[in-house]
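Protein chains: 2
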Amino acid sequence: MSVRYQPASAESILTVSGIRLGTASARIKNWERDDVLLIECEEGTIAAAVFTQNRFCAAPVLLDKEYLTLQRQYGKGLRGIIVNAGNANAGTGAEGFARAKQTSEEVARILLCAPEEVMVCSTGVIMEQLPVEKLIAVLPQAASRLDASSESWIRAARAIMTTDTVHKAISTQVIIDGEPVTVTGIAKGAGMIHPNMATMLSFIASDVPIAADVWQALWRDVVGVSFNAITIDGDTSTNDSLIAMATGQAKVPPIKNQHDPRLVLLKEALLDVALPLAQAIIRDGEGASKFITIHVEGHDVETCRKVAFSVAHSPLVKTAFFASDPNLGRIICAIGNATPEDLDAGRVSLWLGDVLVVDKGGRASSYREEDGQRVMQEEEIDIRIDLGHETHQNAKITIWTCDLSHDYVTINAEYRT
Amino acid sequence: MSVRYQPASAESILTVSGIRLGTASARIKNWERDDVLLIECEEGTIAAAVFTQNRFCAAPVLLDKEYLTLQRQYGKGLRGIIVNAGNANAGTGAEGFARAKQTSEEVARILLCAPEEVMVCSTGVIMEQLPVEKLIAVLPQAASRLDASSESWIRAARAIMTTDTVHKAISTQVIIDGEPVTVTGIAKGAGMIHPNMATMLSFIASDVPIAADVWQALWRDVVGVSFNAITIDGDTSTNDSLIAMATGQAKVPPIKNQHDPRLVLLKEALLDVALPLAQAIIRDGEGASKFITIHVEGHDVETCRKVAFSVAHSPLVKTAFFASDPNLGRIICAIGNATPEDLDAGRVSLWLGDVLVVDKGGRASSYREEDGQRVMQEEEIDIRIDLGHETHQNAKITIWTCDLSHDYVTINAEYRT
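Taken in order, these protein sequences are the chains called V and X.
Numbered per our numbering, the first sequence spans residues 271 to 687.
Numbered per our numbering, the second sequence spans residues 271 to 687.
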């Protein structure tokens with residue numbers, strides 16, 4: 271069950287020149303489905319990546335960071351990504367790192383490239399060694415299925431799922447200098463944690479030709495307002511990995527520096543893929559019955575973000591949303607708990623949907639409970655907070671979250687037998 | 271229902287020389303019980319106080335901070351405290367502040383002191399004006415019931431309750447220089463939020479003679495390891511107020527400075543009252559079925575605290591506790607999410623009770639699931655985390671929290687009709 275999210279059909283997915291995808295079933299967990307994804311990138315592809323900040327980052331994340339550094343140091347690109355679902359290879363120490371490395375070496379053998387040109391991603395159970403032999407055994411099969419079609423993207427989106435109820439994939443195309451540039455992406459996770467850690471993974475590919483540092487800066491910006499602007503319960507997993515591949519095969523003159531005006535169009539295209547994918551993760555959050563958008567303005571970026579996440583993380587606010595209860599007191603309390611140094615409570619205003627409920631720190635005189643109820647009874651709800659600070663840069667940030675329901679407790683309080 | 275907490279009987283409560291308490295029923299909410307507490311302090315009493323950091327602090331908190339400053343500036347003491355339950359007088363703007371001030375003026379008239387010698391505390395509904403006339407109407411009644419007895423302390427503990435299921439009161443006595451010094455305290459709240467905000471309030475009194483700045487520093491330290499070392503869901507209310515009164519009437523030479531060796535004994539006595547009260551708030555947390563102690567060591571104080579609170583706040587860890595599930599992955603993830611800059615995952619060890627479960631970043635080879643289960647099935651559970659950092663000051667901190675259950679969602683997702 272997801273809040274108003276329709277999974278993509280193959281018809282809506284555009285292929286990306288230079289990318290092929292193949293899946294296989296390693297049976298790492300006892301699932302009747304493909305659980306391994308191999309992505310092959312033609313020579314000339316470069317990668318940008320954003321990883322989890324969790325200090326217990328998994329072995330594959332450690333390896334990928336190392337490899338990305340080597341790629342940039344030696345002017346190499348990305349030639350492949352191997353993803354497995356069912357075991358996160360996290361909390362596995364030196365042995366886990368060795369197994370991640372071994373995986374990259376086996377993939378490199380098959381793709382005829384260097385190991386450091388292969389990135390490894392895992393998602394699933396933590397603190398159990400990766401059954402690497404099972405994974406390696408199916409690599410030839412995944413390679414034999416490498417395919418550039420739209421269907422292969424859908425198969426890929428399915429092979430990386432853990433607690434997701436629907437696959438997540440989307441495409442867009444933009445015209446730059448009269449030529450089409452395609453962006454296609456898939457994502458999974460950050461659903462509620464089952465016994466497995468519901469890692470957030472996303473793989474986006476474009477045929478745009480672009481310099482590596484420009485691509486990394488662009489991807490980081492895009493991630494900042496999409497994948498890093500969603501939250502379910504405040505936890506980031508040990509494995510979050512967001513990788514963007516640029517194959518360079520579009521017939522467009524290369525984008526070489528930060529000031530290229532075509533970056534505006536390209537960024538919009540990336541957002542047209544990243545935002546819906548990130549929001550789909552929320553819509554598919556286990557137990558989610560509400561899709562909540564929180565806008566905060568009227569202060570600097572850091573303060574606006576602190577306030578937004580404080581509201582989004584508050585169990586008291588989230589249970590009120592579950593109850594469709596316009597509980598102003600809890601939202602106000604969550605704003606105050608973000609404790610930004612110079613927040614003047616007497617300047618704060620709050621809207622639920624289009625209804626002004628708090629006017630400069632006090633209950634709005636125009637506010638009637640039934641108007642608040644009307645807004646809160648919808649599945650999709652907008653909150654807008656104006657912190658009313660006059661001297662700081664007037665930032666505007668938007669994040670997305672979901673409610674906290676009985677299903678959340680049920681799913682997460684199941685004993686793991 | 272509370273996790274193994276027995277409310278105090280009057281027999282166990284010691285009176286404090288210089289303190290009288292009286293209660294009354296103002297019917298601010300439609301409760302069949304006393305909801306107003308008046309505390310009278312004889313001349314010579316000084317106050318120490320710690321308030322909420324929430325930027326939306328309530329009108330009474332703003333007033334009390336002002337009054338405390340005036341008390342210190344002009345060498346005045348505390349002569350009275352007026353507490354009402356049912357309305358927090360928060361989010362009420364200038365009108366709310368005026369009503370809090372008016373309350374202090376009325377109490378001052380009755381106690382024959384100056385308004386700034388009276389502190390005002392409120393707990394209850396947010397964003398509705400305090401029905402101050404109802405409160406003022408019963409002040410004479412509360413004053414007529416002023417009493418120094420043990421029973422009056424119990425009545426006081428009851429009069430300040432909102433979402434608590436049991437009153438919380440405790441006493442201790444220590445011998446200093448051959449003379450008895452008494453410490454008695456009451457507390458309420460920080461239970462789960464009903465439609466009302468479950469503010470944390472505590473009023474502790476001692477007959478010790480002590481200089482005001484020494485008392486404030488001591489109280490702040492004690493609060494730091496007790497009331498500020500508990501958390502239910504990470505939110506602090508708009509009204510949290512922790513007030514310690516020292517009447518000076520014990521027959522002990524006054525404590526005049528920070529280096530007085532008798533402060534060691536006095537601090538222990540304060541902790542013997544503050545710690546059980548703070549823990550009682552957790553044990554009585556609505557929906558709580560587990561009382562969880564989290565010890566963190568092996569790094570500096572700030573890092574240990576960040577890690578401890580990250581674990582205590584994680585809904586994923588808390589639902590696992592509800593399920594009695596020794597889910598190591600979630601605890602590890604929560605530790606990593608505290609993202610202290612120099613956390614080396616490979617140095618972290620974790621014990622559930624006496625069972626080593628994570629040994630330097632990896633699953634302990636000696637760990638068997640059934641040993642973890644044994645610990646998690648208890649109502650009271652200890653977690654110990656060693657961050658293993660060698661170069662920093664080796665701090666040790668302890669905090670307390672409870673689990674996240676279905677009852678939590680049920681209670682907090684009720685529509686407020």
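Backbone N, C-alpha and C define an ideal beta-carbon position, used for all residues, glycine too.
Nothing here was measured: the structure is a model prediction, and the numbers come from that model.
Let me make sure I understand the geometry here. Which of the options has the alpha-carbon closest to that of residue i?
i      : options                           : result
X/D542 : X/H529, X/P531, X/V493 and X/A590 : X/V493
X/L340 : X/M389, X/Q323, X/R325 and X/C327 : X/M389
V/G459 : V/E403, V/Q399 and V/A548         : V/A548
V/V478 : V/S675, V/E660 and V/T452         : V/T452
X/S414 : X/A482, X/A615, X/I309 and X/D677 : X/I309
V/V436 : V/S272, V/L400, V/C603 and V/A378 : V/S272
X/E398 : V/N359, V/Y637 and V/M646         : V/Y637
V/F321 : V/G314, V/L284, V/H676 and V/D334 : V/D334
X/Q411 : X/A481, X/V306, X/I500 and X/E312 : X/V306
V/D483 : V/E660, V/A319 and V/S295         : V/A319
X/V679 : X/A278, X/T563 and X/D503         : X/D503
X/G623 : X/V534, X/F592 and X/G642         : X/G642
X/E336 : X/P385, X/R290 and X/E281         : X/P385
V/A370 : V/I474, V/L291 and V/V353         : V/V353
Under a three-way DSSP split, which group does residue i fall into?
i      : result
V/N498 : helix
V/W621 : strand
X/W423 : helix
X/N607 : helix
V/V453 : strand
X/M470 : coil
V/V273 : coil
X/G642 : helix
V/V388 : strand
X/G400 : The amino acid at residue 400 of chain X is misidentified as Gly; the sequence shows Leu. X/L400: coil per DSSP, three-state reduction.
V/I445 : strand
V/S675 : coil
V/S580 : helix
X/T668 : strand
V/G599 : helix
V/D491 : helix
V/K588 : helix
X/E650 : strand
Using 8 angstroms as the limit for Cβ to Cβ distance, is residue i near chain V?
i      : result
X/N607 : yes
X/M397 : yes
X/D503 : yes
X/S295 : no
X/R686 : The pLDDT assigned to X/R686 is 49, lower than 50, so where the model puts this residue is not dependable; a value taken from the coordinates is nonetheless given after this. At least one chain V Cβ lies under 8 angstroms of X/R686.
X/G599 : yes
X/H676 : yes
I'd like to know whether the C-beta of residue i is nearer than 8 angstroms to at least one C-beta of chain X.
i      : result
V/D383 : Correcting the residue identity first, residue 383 of chain V is Cys in this sequence and not Asp. Chain X, which has no Cβ nearer than 8 angstroms to the Cβ of V/C383, makes this no.
V/S507 : yes
V/P585 : yes
V/V679 : yes
V/A615 : yes
V/I298 : no
V/C603 : yes
V/T589 : yes
Under the assumption that residue i contacts residue j (Cβ atoms under 8 angstroms), give the Cβ distance between them as a whole number of angstroms.
i      : j      : result
X/L471 : X/S511 : 6 angstroms
V/I298 : V/L405 : 7 angstroms
V/E387 : V/L348 : 6 angstroms
X/G631 : X/R654 : Contact flag wrong, Cβ pair sits at about 16 angstroms.
X/K666 : X/H569 : The pair is not a contact, with the Cβ atoms about 10 angstroms apart (cut-off 8 angstroms).
X/G361 : V/R633 : 7 angstroms
V/I446 : V/V522 : 5 angstroms
Going along chain B in order, which residues have a C-beta closer than 8 angstroms to the C-beta of residue i?
i      : result
X/G631 : Absent from the structure: chain B. Protein chains present are V and X.
key: Complete alpha helix (DSSP H) runs within the region 501-566 of chain X (minimum length 4 residues, chain order)   = 533-553
ask   = Fully enclosed by the region 276-327 of chain V, which beta strand (DSSP E) runs are 3 residues long or longer?
value = 289-294, 306-311 and 316-321
ask   = Enumerated in chain order, which unbroken segments of the alpha helix (DSSP H) with a length of 4 residues or greater are wholly contained in the region 325-396 of chain X?
value = 329-343 and 363-381
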